[in-house]
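This report concerns only the one structure given below.
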Amino acid sequence: MHSKPIYYEEPYRQTLQAVVTSITEKGVVLDKTICYPEGGGQAGDRGTIAGKPLLDTTKDNEHTIYHHVEDPDFSVGDTVDISLDWDHRYHYMQMHTAQHVASGLLFRHFSIATVSVHQGERILTIETDQKEVPVSVCYALEDMVNQSVREAKPVTYEVHTQQSAQALDLRRSIKVNGDGVRLVVVTDIDTVACGGLHVANTKEIDFFHYEGQEMIRGHVRLIFTIGTIAREEIRKKERIVAQLSALFSSPMEDLVETATKAVTLASSEKSALKKCNERLAFLELEKRIIHAQKKESTPVVLWEVEDDLSLKDIGKAATAFENLALCAVQQNGEQVLWLIALVGEASTLFDFAKQRQNLLSTIAGKGGGKPPLYQGVGTGEGLILLKTFKDLLI
Ligand SMILES: [Zn+2]
């Protein structure tokens, strides 16, 4: 049995008594309801039924309306009190009506059609049929919708036969079959067939704000906020700008220029620091080579590297020398980073491929590379790897 949809006759009604006609896994069915089921881009209603939380309202293809009640403790035949989460419902009625006004004005003044719409918890989106929508059009639309709020246009309903509805040549195709087509008329602005819920007058939209746009399926999707949420969003952005102004010690008007300069400076300082680190690695390596033991004419450097140098920079520095056997480790807790460089004559003194297993097994090491650099990680004591390298080499 279908619930009688009281929400069309009385969209502002917030409470109702109804009789439970069935309770299944799909939800609770009532003989009548004020709860709007999800559909047409509008969310399902929430609230309470017999004091139990109503989490959502949906309908199936046969138009049966299911109330998703958490732990219902009532039975079929019981009379229950329905109470809507009115803030939630009313916000959707405002957004839905604003969408009709915006889509109608877009179509009439800018020949932009609406492909799809979505009403989220905080934002309303309208997918247009355009690849580009200039910001000037979006601001003009914002002004026009807010003008309709000030002009307080009534929102009314007409019921038509399929034939008389089709004859009106509406901007949006009629999605229902048969007669009894429900038309929503925003006076002087828009008429479409719609089964959703709307406010009774455009003044209730309160405030309409353009938030931005994005591309979806090759179309521009426009993003808006309504009423209280629009004001919250504007104030949030104002606070962020004020915080950034204070952070950069810059008036709002110069903020983009100041921030651009700061980002450019940070980037050039980062690359200068990188050069310094590379130079430092080279000088530290050079100092160790001067004091190193030699195997034949090849200096052998065993190096436990401090945190402030990177093995990557040391490896790069090693390749600048003509003849060098280097084993470097960097301890990071249990983890050991290792680097071996076999430059020039050193490659004939130590065959990495042959000795790899003997060497790396001491730290359960992994990794590899190609001449003259080899790198990886292991676990345990880095110093053991240095000693093993020395023993295998000399
Ligand atoms: Zn509608």
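Anchor point for the sequence shown: position 20 equals 20 in this note's numbering, and the numbering is continuous, going up by one each time.
Yeah, the Cβ is synthetic: ideal placement off N, Cα and C, and Gly gets one too.
| task | Please state if the CB of I126 and the CB of T114 are separated by a distance shorter than 9 angstroms. | result | Yes.
| query | DSSP on F248, reduced to helix/strand/coil? | reply | Note: F248 maps to coil in three-state DSSP.
| query | So what's I49 in DSSP terms, helix, strand or just coil? | reply | Correct three-state label for I49: strand.
| For K32, which beta-bridge partners are listed by DSSP? | DSSP lists K4 as partners of K32.
| message | When you measure from the CB of G196 to every non-hydrogen atom of ligand 1, does any distance come out below 8 angstroms? | response | Yes, ligand 1 has a heavy atom inside 8 angstroms of this Cβ.
| said: If distances are taken between C-alpha atoms only, which option among A50, N277 and I340 comes closest to V301? | reply: Looking at the Cα atoms, I340 is the closest of the given residues.
| message | For ligand 3, I want to know if Q119 counts as a neighbour, meaning its beta carbon is within less than 8 angstroms of at least one of the ligand's heavy atoms. | response | Ligands present in the displayed structure are limited to ligand 1, and ligand 3 is not among them.
| said: Shorter than 8 angstroms, the distance from the beta carbon of Q99 to the closest heavy atom of ligand 1, or not? | reply: Look at Q99: its beta carbon is less than 8 angstroms from one of the heavy atoms in ligand 1.
| message | Am I right that V329 and L280 are in contact with their C-beta atoms under 8 angstroms? What's the rounded C-beta distance? | response | Not really, about 18 angstroms apart at Cβ, beyond 8 angstroms.
| Identify the residues that DSSP records as bridge partners of Q42: which are they? | For Q42, which the question treats as bridged, DSSP gives the partners G39.
| message | Just to check my reading of the structure: Q166 and I174 have Cβ atoms closer than 8 angstroms, yes? What is that Cβ distance to the nearest angstrom? | response | Indeed they touch by this definition, with Cβ atoms about 7 angstroms apart.
| said: Whole angstroms are fine: how far does the CA of L168 sit from the CA of R46? | reply: Distance between the alpha carbons of R46 and L168 is about 36 angstroms.
| Hey, S148 and T228 are a contact pair by Cβ (cut 8 angstroms); roughly how many whole angstroms apart? | The pair is not a contact, with the Cβ atoms about 19 angstroms apart (cut-off 8 angstroms).
| request: Reducing DSSP to helix, strand and coil, say where H100 ends up. | output: DSSP places H100 in the helix class (H, G or I) of the three-state scheme.
| Neighbourhood of I314 by C-beta, 7 angstroms cutoff - its chain only, sequence neighbours within 5 removed | These residues qualify, in order along the chain: A281, L285, V305, A328 and L339.
| query | Is the beta carbon of I412 less than 9 angstroms from the beta carbon of V28? | reply | Since the displayed the chain opens at 1 and closes at 394, residue 412 lies outside it and no answer follows.
| request: Output the boundary residues of the beta strand (DSSP E) element that contains I216. | output: Element bounds for I216: F208 to I216.
| query | A262 by DSSP, collapsed to three states: which one? | reply | Three-state DSSP puts A262 in a helix.
| query | According to DSSP, is G380 helix, strand or coil? | reply | Note: G380 maps to coil in three-state DSSP.
| What's the gap between the Cα of V80 and the Cα of T24? | It is roughly 17 angstroms from the alpha-carbon of V80 to the alpha-carbon of T24.
| request: Examine the Cβ distances between the region 142-162 and the region 181-198 and report whether three or more of them are shorter than 8 angstroms. | output: With contact defined as three or more Cβ pairs closer than 8 angstroms, the region 142-162 and the region 181-198 are in contact.
| request: Whole angstroms is fine: what's the gap from V155's alpha carbon to T187's? | output: One C-alpha to the other measures close to 6 angstroms.
| request: Kindly list the residues whose CB is nearer than 6 angstroms to the CB of D56, restricted to its own chain and excluding five residues on each side of it in sequence; keep chain order. | output: Answer for D56: G44 and H68, listed in chain order.
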